[in-house]
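Chains as they are written, first to last, in the working numbering: chain G, 19 to 346; chain R, 19 to 346.
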């Protein structure tokens with residue numbers, strides 16, 4: 019569809035199912051968003067409540083499309099948790115109960131009579147950047163999403179590297195500190211444990227309790243946002259914490275770059291909104307310590323281009339790129 | 019060609035250009051080796067001397083094929099160093115001088131009038147295992163070659179992950195010990211520096227000099243082979259060194275498995291000949307500490323199936339799988 023241009027308006031629906039909010043949008047092949055709905059995730063109601071939200075939101079958008087005579091060719095769904103891509107099923111959510119082995123693709127297909135593609139939000143995010151964002155004109159991409167957790171996706175020669183069970187790209191769980199702090203996954207020293215928003219907040223909180231480094235930060239649990247804010251104003255403890263996190267990120271990215279030789283590394287997620295001079299700039303500089311020189315040549319490390327609507331654009335890209343003939 | 023069976027004997031030539039020896043063979047699509055020549059690499063003569071050896075060896079095999087009426091459809095070349103795959107040029111050798119930017123594919127094409135495919139030996143080795151060895155029936159493969167150095171290759175959905183400049187797969191240069199021992203590549207703490215044959219020999223030699231652990235090993239530079247031999251007989255120092263190396267390998271493999279979610283990990287190279295109970299068995303056990311649980315499910319970690327003729331079979335697989343229409 020995107021190959022034939024937009025002479026006739028053809029569009030897909032992108033649906034992003036996150037832990038805190040669900041977003042759905044009608045998106046043209048050009049990336050133009052024609053309509054968007056966003057709602058807080060009804061996490062307390064479990065998967066069934068979320069599913070009802072999804073049905074309702076998609077129903078609304080399909081009505082809108084019909085009223086405006088926009089033909090919808092496919093629905094792409096990016097989900098915030100592991101997905102059985104082949105089977106079109108959610109495997110689980112780490113935040114909302116009841117998603118175990120949930121046949122989301124089949125249910126949506128039957129309900130709306132449209133082809134549906136379902137994947138995790140990291141894969142969708144990477145395809146979004148490939149089609150609409152920072153990775154245009156690239157074939158080999160490492161996409162890293164740094165927020166409360168750290169997710170990732172790999173594109174090799176224009177195609178997602180999925181691995182055996184669609185779990186490839188889990189850069190947040192490569193171990194950079196042997197026997198380091200415990201991670202949500204149960205292992206010790208994962209990149210996510212030491213360099214995610216959660217990890218940064220935890221580390222700062224630890225050091226504040228310890229009391230040996232000067233700080234203006236309050237003596238309670240602090241967030242990574244507070245840490246970056248304080249670091250920006252020269253707070254000593256906050257600068258130490260950010261410095262550690264950047265070193266861990268440089269190490270983790272360096273490992274992935276050495277293994278994958280991407281042409282571009284794209285950093286998305288909440289942390290990519292931190293001031294560039296605190297995160298992206300020192301990261302670019304320090305990553306060379308951890309990358310085989312030949313893999314560094316010509317490499318770009320940039321922030322994601324898609325921001326507020328990254329989730330739905332990623333889901334839309336999934337529909338366009340992986341929806342196959344059904345979406346054409 | 020391999021898809022059409024062997025009703026008519028069709029074959030390729032596989033050429034493996036290593037640091038210590040050059041091997042060439044006529045190989046059928048079934049993997050049967052019909053003729054093979056092996057010579058020590060004339061390293062002192064530089065790239066030009068090696069090239070003359072290669073021409074001579076290929077000339078002999080082509081005569082043999084002609085005498086026996088075996089049609090040769092393609093020549094696959096696996097080279098022990100970085101290769102510009104698209105351009106068909108050697109980039110350099112770390113052991114033999116004069117290979118910089120050497121147009122090997124073009125020279126061989128012009129000399130013999132046959133299609134030629136050129137790649138590094140790790141990529142060729144992985145394709146060899148995919149077509150003829152341990153990775154048959156697999157689509158997602160991590161191939162690791164542990165010898166004097168550590169090389170690797172990644173197969174995703176049946177295709178090599180090459181990355182932007184054909185440098186993907188360099189698992190030997192992911193950094194597992196931050197600020198660790200210096201590696202041949204110039205970085206500190208690469209997997210190759212601490213877990214290759216060279217790294218193991220160096221570490222044992224260091225500990226022998228230090229003199230604080232009981233050992234039967236002589237007070238001179240020892241090889242990894244001597245270390246494994248001594249460990250097998252219960253030597254305390256040798257067991258410590260092997261134990262450290264296995265832990266580093268478990269960490270390095272664990273990282274790559276978490277990132278790539280392969281269905282099978284294949285260990286080739288000289289070290290894969292070490293007794294299984296010293297290397298492969300503890301590796302299988304300890305890798306779980308470093309792998310996201312979901313990526314471990316169903317994962318096989320095995321020794322390479324191809325041994326003595328792995329190099330030429332890999333080069334032959336390269337010709338068959340990547341030679342394209344020219345080789346059909």
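For every residue, glycine included, the Cβ atom is placed at its ideal position computed from N, Cα and C.
To the nearest angstrom, report how far apart residue 34(R) and residue 174(G) are at their CA atoms. Counted from its first residue, the second chain places residue 34(R) at position 16. Counted from its first residue, the first chain places residue 174(G) at position 156. Using only the alpha carbons, I get a separation of about 26 angstroms.
Chain-ordered neighbours of residue 211(G) on chain R, where CB pairs are closer than 8 angstroms: Position 193 of the first chain, counting from 1, holds the residue named residue 211(G). The contacting residues do not exist; residue 211(G) stays about 12 angstroms from chain R at best.
How would you write the range of the alpha helix (DSSP H) that residue 216(G) sits in, first residue to last? Numbered from its first residue, the first chain carries residue 216(G) at position 198. Start and end: 215 to 228.
Is the beta carbon of residue 270(G) less than 8 angstroms from the beta carbon of residue 309(G)? Here residue 270(G) refers to the residue found at position 252 when the first chain is read from its first residue. Here residue 309(G) refers to the residue found at position 291 when the first chain is read from its first residue. Contact: no.
Should residue 191(R) be flagged as near chain G, meaning a C-beta pair shorter than 8 angstroms? As a first step, residue 191(R) is located in the second chain; it is residue number 173 there, counting from the start. Among the CB atoms of chain G, one or more fall inside 8 angstroms of the CB of residue 191(R).
Is residue 216(R) close to chain G? Criterion is C-beta to C-beta, closer than 8 angstroms. The residue you call residue 216(R) lines up with position 198 of the second chain. Not an interface residue.
Please report how far the alpha carbon of residue 245(G) lies from the alpha carbon of residue 172(R), in whole angstroms. Locating residue 245(G) in the first chain gives position 227, counting from the first residue. Locating residue 172(R) in the second chain gives position 154, counting from the first residue. If you take the alpha carbons of residue 245(G) and residue 172(R), they lie about 39 angstroms apart.
What residues match up with residue 102(G) in a beta bridge as DSSP calls it? Position 84 of the first chain, counting from 1, holds the residue named residue 102(G). Residue 102(G) pairs with 107(G).
Is the beta carbon of residue 198(G) closer than 8 angstroms to that of residue 212(G)? To locate residue 212(G), count along the first chain from 1; it is residue 194. To locate residue 198(G), count along the first chain from 1; it is residue 180. Yes, the Cβ-Cβ distance between residue 212(G) and residue 198(G) is below 8 angstroms.
Using only alpha-carbon positions, find the residue among 321(R), 125(R), 274(R), 95(R) that is nearest to residue 293(R). For the purposes of this step, residue 293(R) is taken as residue 275 along the second chain, with counting starting at 1. Per the Cα distances, 321(R).
Does the beta carbon of residue 304(G) come closer than 8 angstroms to any beta carbon on chain R? Residue mapping note: residue 304(G) aligns to position 286 of the first chain, counting from 1. For residue 304(G), the answer is no, since every Cβ of chain R falls outside 8 angstroms of its Cβ.
Nearest by alpha-carbon distance to residue 104(R): which of 56(R), 338(R), 154(R), 184(R) is it? In the second chain, residue 104(R) corresponds to position 86, counting from 1. Nearest C-alpha to residue 104(R) among 56(R), 338(R), 154(R), 184(R): 184(R).
Residue 229(G) versus chain R: which residues are under 8 angstroms apart at the beta carbon? In the first chain, the residue the question calls residue 229(G) occupies position 211. Those within 8 angstroms of residue 229(G) in chain R number zero; the least Cβ separation is about 27 angstroms.
Cβ neighbours of residue 238(R) in the same chain (closer than 7 angstroms, five flanking residues each side left out): By 1-based counting over the second chain, the position of residue 238(R) is 220. Answer for residue 238(R): no residue qualifies.
Compare the beta carbon distance of residue 94(G) and residue 135(G) with 8 angstroms and say whether it is the shorter of the two. Looking up residue 94(G) in the first chain gives position 76. Looking up residue 135(G) in the first chain gives position 117. Yes, the pair counts as a contact, with Cβ atoms nearer than the cut-off.
Put residue 338(G) into one of helix, strand or coil per three-state DSSP. In the first chain, counting from the first residue as 1, residue 338(G) sits at position 320. In this structure, residue 338(G) counts as helix in the three-state DSSP scheme.
Give the secondary structure of residue 302(G) by DSSP, where H, G and I count as helix, E and B as strand, and everything else as coil. Residue 302(G) sits at position 284 when you count from the first residue of the first chain. Of the three classes helix, strand and coil, the one that applies to residue 302(G) here is helix, per DSSP.
Select from the region 263 to 295 of chain R all residues with a C-beta closer than 8 angstroms to any C-beta belonging to chain G, and list them in chain order. 269, 272, 273, 274, 276, 277, 278, 279, 280, 281
Can you pull the DSSP bridge partners for residue 58(R)? Stepping through the second chain from its first residue, residue 58(R) is reached at position 40. Note: residue 58(R) is bridge-paired with 39(R) in the DSSP secondary-structure output.
Between 142(G), 30(G), 319(G), 248(G), which has its C-alpha nearest residue 232(G)'s C-alpha? Your numbering for residue 232(G) matches position 214 in the first chain. For residue 232(G), the nearest C-alpha among the options comes from 248(G).
Measure how close the beta-carbons of residue 120(G) and residue 49(G) come, nearest whole angstrom, since I'm counting them as under 8 angstroms. Locating residue 120(G) in the first chain gives position 102, where the first residue counts as 1. Locating residue 49(G) in the first chain gives position 31, where the first residue counts as 1. Not confirmed; about 29 angstroms, so no contact.
Should residue 66(G) go down as buried or exposed, given a rule of 16 or more other Cβ atoms within 10 Å for buried? The residue given as residue 66(G) occupies position 48 in the first chain. Residue 66(G) is exposed by the Cβ-count criterion.
Using beta-carbon positions only, say whether residue 168(R) and residue 214(R) come within less than 8 angstroms of one another. Residue numbering aside, residue 168(R) sits at position 150 when the second chain is read from its first letter. Residue numbering aside, residue 214(R) sits at position 196 when the second chain is read from its first letter. Taking 8 angstroms as the Cβ cut-off, residue 168(R) and residue 214(R) qualify as a contacting pair.
Does the separation of the CB atoms of residue 140(G) and residue 99(G) fall below 8 angstroms? Stepping through the first chain from its first residue, residue 140(G) is reached at position 122. Stepping through the first chain from its first residue, residue 99(G) is reached at position 81. Cβ atoms of residue 140(G) and residue 99(G): not closer than 8 angstroms.
Let's see if you can read the secondary structure: which residues bound the alpha helix (DSSP H) around residue 261(R)? Residue numbering aside, residue 261(R) sits at position 243 when the second chain is read from its first letter. Segment 254 to 278, the alpha helix (DSSP H) holding residue 261(R).
Thinking C-alpha only, which one of 236(G), 112(G), 76(G) is nearest residue 131(G)? Translated into the one-based positions of the first chain, residue 131(G) becomes position 113. The option with the nearest alpha carbon to residue 131(G) is 76(G).
Three-way DSSP call (helix, strand, coil) for residue 161(R) in this model: Position 143 of the second chain, counting from 1, holds the residue named residue 161(R). In the three-state reduction of the DSSP assignment, residue 161(R) falls in the strand class, which pools E and B.
Output the distance between the C-alpha atoms of residue 276(G) and residue 210(G), rounded to the nearest integer angstrom. Working through the first chain from its first residue, we reach residue 276(G) at position 258. Working through the first chain from its first residue, we reach residue 210(G) at position 192. Their backbone Cα atoms lie some 19 angstroms apart in a straight line.
Residue 190(R) versus residue 71(G) - alpha carbon distance: Numbered from 1 along the second chain, position 172 holds the residue referred to as residue 190(R). Numbered from 1 along the first chain, position 53 holds the residue referred to as residue 71(G). Approximately 48 angstroms, taken between the alpha carbons.
What is the DSSP secondary structure of residue 34(R), counted as helix, strand or coil? Within the second chain, residue 34(R) is the residue found at index 16, counting from 1. Strand.
Counting only C-beta atoms, is residue 100(R) closer than 8 angstroms to chain G at any point? Translated into the one-based positions of the second chain, residue 100(R) becomes position 82. Interface residue, yes.
Which residues mark the beginning and the end of the alpha helix (DSSP H) in which residue 242(R) is found? For the purposes of this step, residue 242(R) is taken as the residue at position 224 of the second chain. First-last of the alpha helix (DSSP H) with residue 242(R): 242 to 250.
Could you give the DSSP three-state label for residue 290(G): helix, strand or coil? Numbered from its first residue, the first chain carries residue 290(G) at position 272. DSSP places residue 290(G) in helix when its eight states are reduced to three.
Nearest residue (CA-CA) to residue 312(R), options 181(G), 42(G), 88(G), 251(G): Walking along the second chain from the start, residue 312(R) turns up at place 294. It is 181(G).
Could you run through the region 151 to 166 of chain G and flag, in chain order, every residue whose CB is less than 7 angstroms away from some CB of chain R? If the cut-off is 7 angstroms between Cβ atoms, the region 151 to 166 of chain G has 158 near chain R.
So is residue 179(G) in contact with chain R if we call contact Cβ pairs under 8 angstroms? Along the first chain, read from residue 1 onward, the residue named residue 179(G) stands at position 161. So, interface residue.
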